[in-house]
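Each residue of the sequence shown is one higher than the one before, starting from 1 at the first, in the UniProt record's numbering.
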Amino acid sequence: MQGQIIKALAGFYYVESDGQVYQTRARGNFRKKGHTPYVGDWVDFSAEENSEGYILKIHERKNSLVRPPIVNIDQAVVIMSVKEPDFNSNLLDRFLVLLEHKGIHPIVYISKMDLLEDRGELDFYQQTYGDIGYDFVTSKEGLLPLLTGKVTVFMGQTGVGKSTLLNKIAPDLNLETGEISDSLGRGRHTTRAVSFYNLNGGKIADTPGFSSLDYEVSTAEDLNQAFPEIASVSRDCKFRTCTHTHEPSCAVKPAVEEGIIAFFRFDNYLQFLSEIENRRETYKKVSKKFQNKEKPMSQYKIAPSILAADYANFEREIKRLEATGAEYAHIDIMDGHFVPQISFGAGVVESLRPHSKMVFDCHLMVANPEHHLEDFARAGADIISIHVEATPHIHGALQKIRSLGVKPSVVINPGTPVEAIKHVLHLVDQVLVMTVNPGFGGQAFLPETMDKVRELVALRDEKGLNFEIEVDGGIDAQTIAQAKEAGATVFVAGSYIFKGDVNERVQTLRKQLD
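Next comes the structure, spelled out in structure tokens:
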């Protein structure tokens with residue numbers, strides 16, 4: 001049978017086919033290949049009476065979003081509110097850049113019109129975006145005809161009223177709505193998971209709200225094309241690779257001065273360009289002999305902790321680890337304050353970077369980690385993990401990590417509940433669950449921490465998020481199976497690996513995961 005996934009929840013995929021919905025699971029071979037079914041996927045599946053079915057094949061996707069994971073989209077309604085939170089053209093342009101890059105038609109919808117005091121500014125933005133070619137609507141009546149026969153995603157900053165709008169256009173949904181926090185200026189996350197609903201011969205999807213947006217544009221040329229009015233004018237630039245910053249005979253800058261291109265749009269373009277230029281490539285320091293040797297990443301990843309390695313021969317140790325096939329090198333940074341011990345700093349990361357293509361997974365067990373992020377990004381970190389217990393600025397720190405071109409990861413200690421990081425799960429690529437108390441050697445694996453891993457798996461599925469779950473502490477040939485069963489996918493092991501034959505120990509762990 002063939003159908004489309006309309007909901008993913010707690011490991012189940014609900015497939016609609018010929019007006020019926022079937023509960024299915026994904027075959028194990030998808031996980032082994034690193035393929036994950038997403039809402040919107042067209043699939044082949046089996047369905048037996050009175051039992052759950054299985055997804056057999058995922059058809060080719062025409063487009064996809066990562067955050068949240070949803071595919072095969074025709075258009076996206078970007079909701080911006082007049083107030084609470086205030087209208088932000090920079091954030092709107094980030095959404096538009098993402099959608100243009102993905103080939104998804106954007107529709108701009110302005111919510112909370114009852115809070116508008118002066119229409120002059122809104123009229124300016126409506127005229128500007130309308131001239132570019134975007135639909136810019138302010139009422140349910142103006143929006144409904146645009147949804148007919150289309151697969152439409154509703155997206156926007158938390159608190160702008162996505163669920164409220166969907167309840168207006170499709171009252172049967174009865175989605176939960178939330179209040180705005182005065183202290184944070186944003187709403188509670190009321191959307192629990194990505195789901196499709198039938199409407200006007202098409203489908204609509206509400207998506208979990210979020211406070212930041214990561215667009216996947218990586219070159220100046222792609223960014224240029226994601227601003228339609230800039231792309232149109234840039235055809236008259238003297239140089240095809242013109243970035244509209246310093247090049248002679250640029251056609252875009254005069255167009256800004258003449259008002260053909262809105263100044264605020266060009267200003268946002270320049271900011272995004274600066275962010276692109278300061279991303280990962282600026283910091284990556286890998287020797288040429290290691291380039292073009294990428295290998296596919298398996299679903300499960302082993303991360304030997306070099307804290308247990310021979311400090312006097314780090315270069316030899318990192319090469320020895322890479323030869324085992326371990327995917328990550330876990331680098332523990334300790335400051336003697338957040339934890340009792342002192343280990344090493346960004347200089348060690350920088351010295352090792354030219355000698356390995358392994359993923360450098362840097363775990364900052366330090367107070368106020370936000371003060372050290374640029375140093376580790378510049379040194380060559382691929383992932384930076386920071387403790388929620390170590391900073392009052394966890395939101396800003398995680399967003400800073402991503403802006404540096406590094407994957408952000410949040411860490412919780414054994415005594416910290418998952419509740420403490422629920423509000424930042426949408427910002428991270430990884431959650432590290434400590435399975436011992438950090439900074440104290442010789443501890444035994446704490447099996448009760450597996451409840452947190454299970455809770456995180458359920459939250460990830462429920463909210464349609466996309467992050468790895470890493471465990472660190474007391475991992476050996478016996479405990480790794482418990483962590484795998486709970487749902488972890490990245491396994492940090494130090495003493496177990498380095499107290500024996502390194503290659504043999506890594507392969508023993510690998511067998512437990514196969």
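All C-beta atoms, glycine included, are put in the ideal place defined by N, C-alpha and C. None of the values given here were measured: they were computed from a predicted structure.
I'd like to check one pair, H330 with V492: are the Cβ atoms closer than 8 Å?
yes
So, are the CB atoms of H355 and K319 less than 8 Å apart?
yes
Determine the burial state of F210: buried for a count of at least 16 other Cβ atoms within 10 Å of its Cβ, exposed for fewer.
Caution is warranted here: a pLDDT of 44 is assigned to F210, below 50, making its placement in the model unreliable, and no coordinate value can be reported.
Looking at V406: is its Cβ nearer than 8 Å to the Cβ of A379?
no
Assign L404 to one of three DSSP states: helix, strand, or coil.
coil
For N413, collect the residues of the same chain with a Cβ closer than 8 Å to its Cβ; drop the 5 residues on either side in sequence, then sort them by chain order.
H387, E389, M434, N437 and P438
Let me check one thing: in DSSP terms, what residues is R25 bridge-paired to?
Y54
Indicate whether P304 and I497 have their beta-carbon atoms separated by less than 8 Å.
yes
Determine the closest residue to E468 out of T479, T241 and V453, with distance taken between C-alpha atoms.
V453
How about G40 and V151: do their beta carbons lie closer than 8 Å?
yes
Could you tell me the alpha carbon to alpha carbon distance between L404 and N198, rounded to whole angstroms?
40 Å
In chain order, what residues of the same chain have a beta carbon less than 8 Å from the beta carbon of D222, not counting five sequence neighbours either side?
H101
Name the two residues that bound the continuous alpha helix (DSSP H) containing H363.
That residue, H363, is in no alpha helix (DSSP H); its beta strand (DSSP E) goes V359 to M365.
Which listed residue (L147, E141 and I260) has its alpha carbon closest to that of I73
L147
What separation, rounded to the nearest whole angstrom, lies between the Cα atoms of V43 and I5?
7 Å
Give the C-beta separation of V251 and V153 to the nearest angstrom, bearing in mind that I take them to be a contact with Cβ-Cβ under 8 Å.
The amino acid at residue 251 is misidentified as Val; the sequence shows Ala. Not quite, the Cβ-Cβ distance comes to about 34 Å (not below 8 Å), so this is no contact.
Nearest neighbour of V108, chosen from N88, E60 and Q271 [CA to CA]
N88
Could you give the distance in angstroms between the alpha-carbon of G156 and the alpha-carbon of I333?
36 Å
Helix, strand or coil for P106? Go by DSSP, reduced to three states.
strand
Leaving out five residues on either side along the sequence, give the residues of the same chain with a beta carbon under 8 Å from the beta carbon of D335.
I342, M365, V366 and A367
Cβ neighbour criterion (16 or more within 10 Å) applied to T241
exposed
Pairing CB atoms from the stretch 13–30 with CB atoms from the stretch 44–55, are three or more of them under 8 Å?
yes
Which term fits Y13, buried or exposed, when burial requires 16 or more other beta carbons within 10 angstroms of its beta carbon?
buried
Chain-order list of residues whose beta-carbon lies under 8 Å from that of R316 (same chain, five-residue window excluded)
D310
Where the beta strand (DSSP E) containing G149 begins and where it ends:
Per DSSP, G149 belongs to no beta strand (DSSP E) and is neither H nor E.
For P248, count neighbouring C-beta atoms within 10 Å of its own C-beta (all shown protein chains included) and say buried if the count is 16 or more, exposed if not.
exposed
Going by C-alpha to C-alpha distance, which of I104, A481, H363 and A262 sits closest to D514?
A481
Cutting at 6 Å between CB atoms, please list the residues of its own chain near K301, excluding the five before and the five after it.
E327, Y328 and V490
If you draw a straight line from the alpha carbon of A220 to that of F272, how long is it in whole angstroms?
9 Å
Quick check on the burial criterion: 16 or more other C-beta atoms within 10 angstroms. Buried or exposed for E470?
buried
So what's K112 in DSSP terms, helix, strand or just coil?
coil
Tell me whether Q430 is buried or exposed, calling it buried when 16 or more other Cβ atoms sit within 10 Å of its Cβ.
buried
If you run the structure through DSSP and keep just helix, strand and coil, what is M155?
strand
Assuming E370 and A346 form a contact by the criterion Cβ under 8 Å, report the distance between their Cβ atoms to the nearest whole angstrom.
That pair is no contact at about 14 Å.
Is N313 buried or exposed, if buried means 16 or more other CB atoms sit within 10 Å of its CB?
exposed
I'd like the list of long-range same chain contacts for residue 562, defined as Cβ closer than 7 Å, with 5 residues on each side in sequence excluded.
Nothing about residue 562 can be reported from this structure: the residues present for the chain run from 1 to 514 only.
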